[in-house]
Structure formats: structure tokens, C-alpha cells
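See below for the structure under consideration.
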Amino acid sequence: MTRLVLEPRQLAPVLRLVTLLASVSAAAVGRAADWPAYRHDQGRSGVTSERLAVDRIGPAWVHRAAAAPSPAWAGAAKWDAYHSKKDLTPMRDYDLAYQPIVVDGRLFYASSADDGVHCLDAVTGERRWTFSADGPVRIAPTWVDGRLYFGSDDGYAYCVDATTGRLVWRFSPTAGRRMVLNNGRLISTWPVRTGVVVSGETAYFAASLLPWKESYLCAVDAGSGKPESAGRYVRLINAEEGRTFEAAMATDGKRLLTPQGRLWLLAYDLADGRRNEEIPVAGAGSFVMLAADGIQAGGGGARSAGVPVVDPRGGSKIVTHAEALSMVIDGGTSIVQTAAAVEAVDRASSKRLWKTDCGPVFSVIMAGDIVLAGCRDAVLALSRATGETLWRAEVDGDAHALAVAGKALFVGTHTGSLHCFREGAAAAPAAEEPVVEPRTLPEARLAAGPLVRFTAADAAEVRWTTPAACRTVIEYRPAAAVPGAAAGRIRTIQEDTAATEHEATLTGLRRGRDYEYRIVCDVDGGATATPWYVCENLFNFEVDAVRPDPRPDSSPTARRLATAVDHVLAQADTGSGICLVYGLENGRLAEAIAAAGRMRVVC
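Every number in the numbering used here is 602 more than the matching position in the sequence shown, counting from 1.
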């Protein structure tokens, strides 16, 4: 169960405030039925009054982006050696899926893979337009008065027309400064990874990355993008302060909460961009939420999950949901997302009202009297009153992104898929495959190995040596998503002949997931098995193959390109790695290099 840490002197404020929490919108961003910002509004409440008829909704369309998200960070560290701590909580998990926003029948999402902001028809899923920045766009755009505001790793904040995708303005506090190579991409040393929030006629964002370099907190005219006139500024934050702003900021129109990953959340006054040290911070991490009455929630420890809830007026923390990853608030009830469950907690008594085990859980929002939970390969609708599962549908991947608008549910997953469910044929219940537990066998000892080498975006080659010639079987499965949970279905690869040198290729591996494998040896009719090893697919940097052009081209230009590609690939022993292409004219050389090998091409 979620543990609650209650400060006794703060119990009275909790009781007084129990009915006051409400979702916040710091600017006129869309109608009640829309979803115009990340987690619905600029307070990041995750709550909408829109109601879903879950007994009548079914799959309407699926949009599969050209490439899966390319997160800024690979995930939580495997362990904290200094504190001997494993199973760490991710502190920078804000861009694992494409987060949709939906306004006026249009769906918008930002891409960290193709550097674009895309507009789809929310009813049909058909593409309307695409705007291309010069770097990954990691935070969902914010819709205000017919315009979209967002930031990019190229160091700029952007404003584009929501109807046409036409650029209105862009602004960078560090224009013309140096770029750095990051995850195979050239980005600004001061990327805008906070998104952009808008209050009144001013847009706010931060440009930051390295804590040993300066950062910038910016307030610009929402119409022109210029940091001019009263209330607009470019605030230089010296390197000595050690700031690293990233993940979606939250605002209530007076203050700005800025996450910093493993460092503490900070609060700034919107009016002048100065640090408000009187407002207590609420922990570390990427999650933050602000309520209209001043309550804030977000973050936790750098080595454990948890969401503290803070009343700035009382001067300290009032309650901590010690296992939580995120939450939403509805009146006197807190809906808490943990790694493996969704729970409802009465805010006045701190009593758990219900708990639904549905892990792993990656996201939670509320629409009317329905709680929606994004899980592994599925999305669930739960009763707000009882936690009963009212509806379930399959999706392709881990459902990190949820939005409700226009009587429809939109789900984004880590594979780059966007699913739409709306009124129509009810989705059929998904059949669950039984998990077969592996045999318990005596331990096998190998002469060498196993050694793992990734050979494709979805494959890994495993090699090992046995002391004597024998036939072996390699068993592999998805690792448990959360500690204590069951692992996935086992797949096997069996050898036909006995040997001492062995090789097998694990296929069907999915981005962002770890896999377990073991080797079963058949010696003299008796079976022995190695321990389970972990294949850490987070470190698979192979790129997806580029589909070749089916039309043959024997022109002189094509022959020159082929010669150039052969020369480039000859410089890399494996045909993989990072290739920088300078002086790009039409992209044909970059495309040819990508198609011929496994290069990550940077233009």
C-alpha cells in the first residue's frame, strides 16, 4: 500500500483544504472539452470534466510515427553504488512517449525522433501538417488562442499557427552559441527541455542542460517572441547555482515550478524571474502539479519513489505518498499512481479507499468519474468510486501518455504509436497469455561467455562456450517490469547438433525493455542451466533499417553516391556508428549512407 507520511502540525490545514483543490489553467487554453496542454492544463492537473462512455467506446484509429521516441535519458541508473541501492526511480522520464494535446478536432504531438510538431485530424487520424525544428522537441506543445508554443533541443522556443503550422516566431537566449553531440544528435548546450507555458500575454521557458554551466529563464511576449517591456526578461542564472532545468514546468499564473531531474524542484516568481525562496520545494524528479489554491505536489527522493504534497502558506510538507510516481486530485480524494497499482486515498483521513493492482502502471488521469490508467500494452478505465475495472483495451507498448477530449481517449506509447478510442463498437476483452514458469535445474557452468552484441534495433547476438560438446537451448523472456512482478512469456532457441562454440540471436526485442535469458545444456541426457542473465536493451543503439527505394537508379549521380557510401562504410569496421554529414544539399548522401549500413546519420 502507499505509505503516507503526515506532519501532525499540518493536519488542520489538510482538513481545511480538502475540498479546495481544483485543476488549474493559468491562461485561456482551450475549452473544457479540449486537452490543450500536457496533463490537460498548465498546472498539470491531469483532470478534465469531459466524460467518457466507456461501455460504448472502441478503437477508432492508430497512428504509428515514423520512428519511436528518442528519450533524452536512457532510464534510471541500475544501482547507486555509494548507497548500495538498487531499483532506483527514474528522475528524467518525461519524454518516453509522444504526449498528445487535442483542441478543436485536431491532435498535436511533438517528436524527439524527427524534430517535428505534427498535426493530425483527431477524428480520422489523418495527417494535417508537420512543422520541423532543428532539434528534438521533447515536451508537448501548449495551445493558446490558436497558436502552439514549444521548445526544442536546438535551443529555441517556438510559436506556430495551430491551423497551418506556419512559424510565427522563434527565440533563443543563446542564438549562435556552440552545439554539442548528444545521443547521436547535435544540440544546443542550452536546449529548451521545459516546454513553454503561457500566462496572460507572456510565454515562459528555460534553456538549460549542464549544472556546471549557466542557465537562462526567459519571459517573452507571446505574440512577438521578444523579451521586451514590463514583465519580460532573460534571466541569467550563474553556473555557481548549479541549475539543470528540464521536464514540463507548471504555473498558476503567479509562480513557476521548474523540475531539475535528480535535483530539487525550484519555484520562481513569474513577474521578475527571481527565485522565491519562501516557497518550500516538493522533491526531485520530473512530475510536478500545481493547484489553484496554492497546493503543489511533485517529486520525491533521488533514490526512491514518492510524491510530497506541500502547502506553501503553511511553510512545509503536509503529506507524502511515499511510493507514488504521479497523482491526480479530485476534491477530497487523491488518485495515486505507483509502479504496480492505482490507489484512491481520502485526503482528510489519509485512509486508503481502494487499490487496483494493474501494474506496471505508467500514467494516470481522470475524466469525469472515470480514472484512466496507462499500463503495459493496455489502457484501463477504473471507477473513481470503487476502483473497479470498467473497461480495458490493448495498445502497442507502454502507455505513458493519456488525453481525453471530444468524447474520445487518446493514448501514446513508448513505441511511437498513438491510439484513439471513441464511441462505437466496444473493444473486445483482451485474452491474457498464461505465464509458464521455467524449470528448476542444476546449475550449468560455461567455459566462456555469454557475450552479447546488438545486431539490429530488435535483435541481439549471444555467444558462449561450453567445457564439452553438447546441445544447448537458450530461453529468453521480457524481464519483470517492476520488482516482484512476473516476467514475460518464455521463448526458446534450440540447437540441433552438439558443439563447444555456440551462438544464437534473440529476436523481437522491444526498445526500452530489458530481457532475461539463460542457457540450458544437455549433457549425457541430463539438463543443467545457467542463472538468468540480463540483456539490457536500454543500451541497444542500433538504428532501424531504412527501406531502400524500389526504383533502380543507374544515373551518374547514383554511381557517385554509391562510391562515396562505400568509402564512408569502409572507415567503420562494423558498418555501424555515428556519421556526421556536413554541407548537406538535398539529403541524398545521408539517405544513401543510412540505407546501406547501420549508421546513425547526423546532418
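All C-beta atoms in this analysis are idealised placements derived from N, C-alpha and C, irrespective of residue type, glycine included. In this text the structure is predicted, and so the values were computed from the model without any measurement.
Pairwise C-alpha distance: G1090 and T969: Residue identity check: residue 969 is Ala in the sequence provided, not Thr. So the two alpha carbons sit approximately 31 Å from each other.
Span of the beta strand (DSSP E) around V1122: 1117-1125
Beta strand (DSSP E) runs contained entirely in the region 979-1012, provided each spans 3 or more residues: 991-1007
Inter-residue Cα distance where the pair is V705 and G748: 9 Å
Straight-line gap, A628 to A943 (C-alpha atoms, nearest Å): Residue confidence for A628 is low, a pLDDT of 39 falling below 50, so the modelled location carries little weight; the figure read from the coordinates is stated next. If you take the alpha carbons of A628 and A943, they lie about 31 Å apart.
Own chain residues within Cβ distance below 8 Å of D736, not counting five before or after: D717, S754, D756, Y758
Segment contact flag, the region 955-968 with the region 927-935, C-beta cutoff 8 Å, min 3 pairs: yes
Whole beta strand (DSSP E) elements within the region 713-739, 3-residue minimum: Listed in chain order, the beta strand (DSSP E) elements of length 3 or more contained wholly in the region 713-739 are 718-723, 729-734.
Candidates A1101, T1094, G887: closest to A1071 by CA position: A1101
Cβ contact (3+ pairs, closer than 8 Å) linking the region 708-723 and the region 776-783: no
Sufficient close CB pairs (3 or more, under 8 Å) joining the region 650-668 to the region 1001-1017: yes
Exposure label - G1014; buried when at least 16 CB within 10 Å: buried
Nearest to N784 (by Cα), restricted to the options F807, I1121, P673, R694: P673
Unbroken beta strand (DSSP E) run spanning E1063, endpoints: 1061-1080
Other residues of its chain near G1114: CB distance less than 6 Å, five sequence neighbours each side excluded: H1016
Status (buried if at least 16 other CB within 10 Å, exposed otherwise) for P861: buried
Cβ shell of G825 (< 7 Å), same chain only, five flanking positions each side left out: If we look at G825 and ignore the five residues flanking it on each side, its Cβ neighbours are E803.
Beta-carbon gap between G908 and G900 smaller than 8 Å: no
Rounded C-alpha distance that separates T958 from Y1184: Rounded to the nearest whole angstrom, the CA to CA distance from T958 to Y1184 is 54 Å.
Three or more C-beta pairs below 8 Å linking the region 1159-1173 and the region 1072-1082: The region 1159-1173 vs the region 1072-1082: no contact.
Beta-ladder partner(s) of I967, from DSSP: L974
Spatially closest choice to S817 from G797, L769, D823, T791, by CA coordinates: T791
CA-to-CA distance, A678 to N1142, given in whole angstroms: 15 Å
Where I789 falls: helix, strand or coil (DSSP): I789 falls in the strand class under three-state DSSP.
Delimiting residues of the alpha helix (DSSP H) encompassing E1193: In the DSSP annotation of this structure, the continuous segment of the alpha helix (DSSP H) that includes E1193 starts and ends at 1190-1198.
Straight-line gap, L769 to K856 (C-alpha atoms, nearest Å): 28 Å
Inter-residue spacing [alpha-carbon to alpha-carbon] between T1068 and T1132: 11 Å
L955 and V973 closer than 8 Å at C-beta: no
Alpha carbon of A1049 to alpha carbon of R1093, nearest angstrom: 24 Å
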